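Trainee:
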Amino acid sequence: MSQARPAARIAELRQQLEDANYRYHVLDEPNIPDAEYDRLLRELDELEAAHPELVTPDSPTQRVGNAPSGKFAEVRHAIPMLSLGNAFSDEEVHDFVRRIAEKLQRPALKFSAEPKLDGLAISLRYEHGAFVQGATRGDGASGEDVTANLRTVKAIPLRLRGEGWPEVLEVRGEVYMPRADFERYNEHARLQGGKVLANPRNGAAGSLRQLDPRITAQRPLAFYAYGTGLVEGGALPDSHSATLAKLREWGFPVSALGEVVEGAEGLLVYYRRIGERRDALPFDIDGVVYKLDDGEGQREMGFVSRAPRWAIAHKFPAQEQATTVEAIEIQIGRTGAATPVARLAPVQVAGVIVTNATLHNADQIARLDVRVGDSVIVRRAGDVIPEVVGVIAERRPDGTQPWTMPAHCPVCGSEIVREEGEAVWRCSGELSCPAQRKETIRHFASRRAMDIEGLGDRYIEDLSDLGYLQSVADLYKLTLDDLLEMKRRADERKPVPAEAGSTTPETAKAGKIATRWAENLIEAIDRSRAATLERFLFALGIQHVGESTAKALAQWFGDLQLIRRLPWPLFKRVPDIGGEVARSLGHFFDQPGNQQVIDDLLARGVAITDTHLPSGRLRAELTLSKLLVDLEIPKITPVRAEQLASAFANASALLDTPAHNFVSAGLPSESANAFAAWLEDDANAQLLSRSGEALGTLLAITPEDAAEAGGPLDGKTVVLTGGLASMSRDEAGAKLEALGAKVAGSVSKKTHIVVAGESAGSKLAKAQELGIEIWDEARLLAFLVEHG
DNA sequence: GATCCTCGAGTTCA
DNA sequence: CTCGAGGATC
2 MSQARPAARI AELRQQLEDA NYRYHVLDEP NIPDAEYDRL LRELDELEAA HPELVTPDSP
62 TQRVGNAPSG KFAEVRHAIP MLSLGNAFSD EEVHDFVRRI AEKLQRPALK FSAEPKLDGL
122 AISLRYEHGA FVQGATRGDG ASGEDVTANL RTVKAIPLRL RGEGWPEVLE VRGEVYMPRA
182 DFERYNEHAR LQGGKVLANP RNGAAGSLRQ LDPRITAQRP LAFYAYGTGL VEGGALPDSH
242 SATLAKLREW GFPVSALGEV VEGAEGLLVY YRRIGERRDA LPFDIDGVVY KLDDGEGQRE
302 MGFVSRAPRW AIAHKFPAQE QATTVEAIEI QIGRTGAATP VARLAPVQVA GVIVTNATLH
362 NADQIARLDV RVGDSVIVRR AGDVIPEVVG VIAERRPDGT QPWTMPAHCP VCGSEIVREE
422 GEAVWRCSGE LSCPAQRKET IRHFASRRAM DIEGLGDRYI EDLSDLGYLQ SVADLYKLTL
482 DDLLEMKRRA DERKPVPAEA GSTTPETAKA GKIATRWAEN LIEAIDRSRA ATLERFLFAL
542 GIQHVGESTA KALAQWFGDL QLIRRLPWPL FKRVPDIGGE VARSLGHFFD QPGNQQVIDD
602 LLARGVAITD THLPSGRLRA ELTLSKLLVD LEIPKITPVR AEQLASAFAN ASALLDTPAH
662 NFVSAGLPSE SANAFAAWLE DDANAQLLSR SGEALGTLLA ITPEDAAEAG GPLDGKTVVL
722 TGGLASMSRD EAGAKLEALG AKVAGSVSKK THIVVAGESA GSKLAKAQEL GIEIWDEARL
782 LAFLVEHG
């Protein structure tokens, strides 16, 4: 750099920075890394500081102004910023096209179509190529002067590029916040304890209304141009698409998704294509906009009140809606978990009517401070499940109270309690609580458990309320007559609105249908009698025992009679079962009521189809030292357990042993005393004795051969995502497991292969990010064929 | 004790 | 799908 010619260097730096900006925001082809950009900007800043006389308002260093202005001035739009008519259905789009075709008497109309960003409409005024004023849309006739804030938006050029632009040019477009930037900003704000933005749209709007442009400069705002306003001292091309192309040349970002399409069919195809990509786009859109492309046609169509007749916005079903909370009720789950659910005034969100939304737990309610009577924003996040995003504070009616968890279960009246350090509150009624009983039955009968088809929620409700089902075992006691009687009584209880003049033949028909239903259900229950151990264990609904743990238990121990009598520390020999889960299993089997249910189930014909000996892999795990560690005795570390195990032959030898004998075994006196003290508790001594016996029994029956048949996928972790055409994901998972793979539910760096089916989502994205091997369905099928 | 990875549990509507 | 928490690992 030559000190003698700072002006030349300044001009060069500005050019480089502007080019970089243009390539980044308009062409989407960055040419220099961010760090390099920052370096150039710093150099320019220093040069300008040394030569203040060379600073111009359109320099890239001058984006962020200083003094907060007091208030926004009003700006009158030379040409009003119009609103657009809306279309919500295909029919309305056809009407729109038909109206134009009739008036213009022209077939094959061409439209310029582009996504409608969910941001804030603004107007930018350029005089002789320099950005002089920017305003919000306001009411369309006049808006607020937010020039200082708009200058901080890097996607907005401070001076126009190229040539041929009019002396005065107003550009219209949308300021928005890209979704990823919004998330990043919020994450940062949360960490700093700052204010979190409700959604990208509000974020963009709020950012532009900041009085201090230095705050706006920190917000990740972006911009797309979609049209023009006043044009003086020059002319624009006479079609919308060509105008957009010109704007792009002059330095404005223009949506890359814009297209020129023909006729109503073309518009609808475009609408669907964008709709499919909606979730994957980096920004929120609320629809697409169609504009008649040629200027002559536009002029001929003219305006109706304040909207052009040559353009329309075709909206997507709203993903977020406002509604009111009519009540907050709690639901009791299978484990007694009390989940608050908001009852909402019905509202259409993303195509379905939503009346309920989970509030997860009491903490969540406290965080959002949702109250009965509040207006709230409801969203169907990504998939389908509605959630309350936030409260509209301004609309809170007077006299509302913060919500609190009720002290008693609304179903059984038992106390609702919360374990130390846990997030969930639980009804303490256990199986005396009808709600928990019903949920337990529902879980038992569910598809992935015993798979009793036709036993819907309503019937569980009725059967349970009318006393036919005290426990899951009673399912296998039901007779055809029971079911028919139940149905009759249930109908009496809550009669179906009786149709006047209902005739006998109809009643007979209803009777036939009921009989048919009952027969089918009885048959389904009968089919479920043959169950795998894995499904059966899962169906019991033991806390912390889901499908995966149930499967591990079945594989390692193989026999229900063994499992149901195992002291809890032995469960810890199975990988992924720790103290918490082991105790939960022990607690379940310790309860006589549960053992009775199991006995009843077996007595009524439930038969485990795959009983076998414990897995050979278990043998290596069956040592006294491991058992001693699993008992969680204070001061007994693996090293101390090892010492005890080598000095004593078995668990019973440890009983009734004075502490000094433990010291002779090599234990420090502290550990020896702690162990002796632990043994003094009868319950502990008994647990040790029982566990020792169980250890011996297991050792006696566990086969020696630990070798497992090695499959081609041994040791590989596979994740399935998306839909497969040739089989269900479950089937594919079973086949992969048969080849030795471990099928996991989520992608991590430990994953070896991801099988991506149709419309795979975030898991596929994550796999690509982590550079994990990805198979499509064809690859999977080829592999399965190759290996049997 | 911290961190990463999984699993369990709960949830909506047609 | 998302959250919370249990288990494994360093």
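Following my numbering, the numbering of the first sequence begins with 2 at its first residue and continues without gaps.
Ideal placement from N, C-alpha and C gives every residue a C-beta, glycine not left out.
Values in this document were obtained by computation on a predicted structure and should not be read as measured data.
(1) Report the residue ranges of all alpha helix (DSSP H) runs contained in full by the stretch 516-559; include only those spanning at least 4 residues, in chain order.
(2) Note down the Cα distance separating LEU625 from VAL575, rounded to an integer number of angstroms.
(3) What number of angstroms, rounded off, separates the C-alpha of ASP631 from the C-alpha of VAL389?
(4) Within the continuous beta strand (DSSP E) that includes SER143, where are the two ends?
(5) Exposed or buried, which one is LEU481 when buried takes at least 16 other CB atoms within 10 Å?
(6) Below 7 Å between beta carbons: does that hold for PHE132 and LEU170?
(7) Below 8 Å on the Cβ atoms is my contact criterion, and I expect ALA515 with LYS478 to pass it. Report the Cβ-Cβ distance as a whole number of Å.
(8) How would you write the range of the beta strand (DSSP E) that VAL255 sits in, first residue to last?
(9) Just mark ILE157 as buried or exposed, buried being the case when its beta carbon has 16 or more other beta carbons within 10 Å.
(10) Rounded to whole angstroms, what is the Cα-Cα separation between GLY414 and GLY468?
(11) Closer than 7 Å by C-beta to GLY303: which residues in its own chain qualify, once you throw out the five before and the five after it? Chain order, please.
(12) Using DSSP bridges, identify the partner residues of LEU293.
(13) Run through DSSP, which three-state label would ILE773 get?
(14) Which of the three DSSP states, helix, strand or coil, is assigned to HIS613?
(15) I want to know whether the stretch 580-596 touches the stretch 554-570 - three or more CB-CB distances under 8 Å.
(16) Where does ASN357 fall in DSSP's three states?
(17) Count Cβ pairs between the stretch 96-104 and the stretch 236-255 that sit closer than 8 Å; are there 3 or more?
(18) Sorted by chain position, which residues of the same chain lie with C-beta nearer than 7 Å to LYS736's C-beta, five sequence neighbours on each side aside?
(19) In angstroms, rounded to a whole number, what distance separates the CA positions of PHE317 and ARG279?
(20) Taking Cβ to Cβ, would you say GLY230 is nearer than 7 Å to SER84?
(21) Taking only runs of the alpha helix (DSSP H) that begin and end inside the stretch 142-179, which ones reach a length of at least 4 residues, in chain order?
(22) Leaving aside the five residues before and after HIS788 along the sequence, list all residues of the same chain whose C-beta is less than 8 Å from its C-beta, in chain order.
(23) Of all the options PRO53, GLU738, GLU13, GLU145, which has the alpha carbon lying nearest to the alpha carbon of LEU41?
(24) Are the beta-carbon atoms of LYS155 and ILE286 separated by less than 7 Å?
(25) Just verifying my parser: in three-state terms, what is the DSSP assignment at HIS788?
(26) Using the three-state DSSP reduction, which class does PRO309 fall into: helix, strand or coil?
(27) Could you check what DSSP says for VAL62 in three-state terms: helix, strand or coil?
(28) Determine the closest residue to ARG6 out of VAL379, PHE537, GLU49, HIS409, with distance taken between C-alpha atoms.
(29) Closer than 6 Å by C-beta to THR148: which residues in its own chain qualify, once you throw out the five before and the five after it? Chain order, please.
(30) Can you say whether PRO61 is buried or exposed, counting buried as having 16 or more other CB atoms within 10 angstroms of its CB?
(31) Look up TRP679 in the DSSP assignment and give the residues it is bridged to.
(32) Is the number of C-beta pairs between the stretch 609-628 and the stretch 647-665 that are closer than 8 Å three or more?
(33) Could you name each continuous alpha helix (DSSP H) segment of 4 residues or more that falls completely within the stretch 216-245, going from the start of the chain to the end?
(34) Quick check: what's the CA-CA separation for HIS241 versus VAL27?
(35) Ordered along the chain, which non-local residues of its own chain (more than five positions away) have a Cβ less than 7 Å from that of SER289?
(36) Find out if the Cβ-Cβ distance for the pair LEU629, THR703 is shorter than 7 Å.
Mentor: According to the structure shown:
(1) For the stretch 516-559, the continuous alpha helix (DSSP H) assignments of 4+ residues that do not extend past its boundaries occur at 534-540, 548-558, in sequence order.
(2) Each residue's alpha carbon lies about 15 Å from the other.
(3) Their backbone Cα atoms lie some 43 Å apart in a straight line.
(4) Per DSSP, SER143 belongs to the beta strand (DSSP E) from 143-145.
(5) Exposed, by the Cβ-count rule.
(6) Against a cut-off of 7 Å, the Cβ pair of LEU170 and PHE132 comes out as no contact.
(7) Between LYS478 and ALA515 the Cβ distance is about 20 Å, and since that is not below 8 Å, they are no contact.
(8) Under the DSSP assignment, VAL255 falls outside any beta strand (DSSP E); it carries neither an H nor an E label.
(9) Counting Cβ neighbours within 10 Å, ILE157 comes out buried, since at least 16 surround it.
(10) Roughly 19 Å separates the two Cα atoms.
(11) Leaving aside the five residues that flank GLY303 on each side, the residues in its chain whose CB is nearer than 7 Å to its CB run, in chain order, ARG310.
(12) According to DSSP, LEU293 bridges with PHE112.
(13) In the structure shown, ILE773 sits in coil (DSSP, three-state: anything other than H, G, I, E or B).
(14) The three-state secondary structure of HIS613, taken from DSSP, is coil.
(15) They touch, by the three-pair rule.
(16) Note: ASN357 maps to strand in three-state DSSP.
(17) No contact exists between the stretch 96-104 and the stretch 236-255.
(18) Counting only Cβ-Cβ distances below 7 Å, and skipping sequence neighbours, we find LEU785.
(19) When rounded, the distance between both Cα atoms is 10 Å.
(20) No. Outside cutoff.
(21) 148-152, all fully within the stretch 142-179.
(22) Excluding sequence neighbours, HIS788 sits near GLY712, PRO713, LEU740.
(23) Of the candidates PRO53, GLU738, GLU13, GLU145, GLU13 places its Cα closest to the Cα of LEU41.
(24) No.
(25) In the structure shown, the three-state DSSP call for HIS788 is coil.
(26) Secondary structure of PRO309 (DSSP, three-state): strand.
(27) According to the sequence provided, residue 62 is Thr. The question's Val does not apply to it. When DSSP states are grouped into helix, strand and coil, THR62 belongs to the helix group.
(28) Comparing alpha-carbon positions, the option among VAL379, PHE537, GLU49, HIS409 lying closest to ARG6 turns out to be GLU49.
(29) Answer for THR148: GLN134, GLY135, listed in chain order.
(30) Label assigned to PRO61: buried.
(31) For TRP679, which the question treats as bridged, DSSP gives no partner whatsoever.
(32) Contact holds: three or more Cβ-Cβ distances are below 8 Å.
(33) The qualifying runs do not exist here; there are none.
(34) Cα atoms of HIS241 and VAL27: separation of roughly 18 Å, rounded to the nearest angstrom.
(35) Note that residue 289 is Val in the sequence shown here, rather than Ser. Taken in chain order, the residues that qualify are ALA114, GLU115, PRO116, LYS117, TYR271, TYR272, ILE275, HIS315.
(36) No, the pair does not count as a contact, with Cβ atoms beyond the cut-off.
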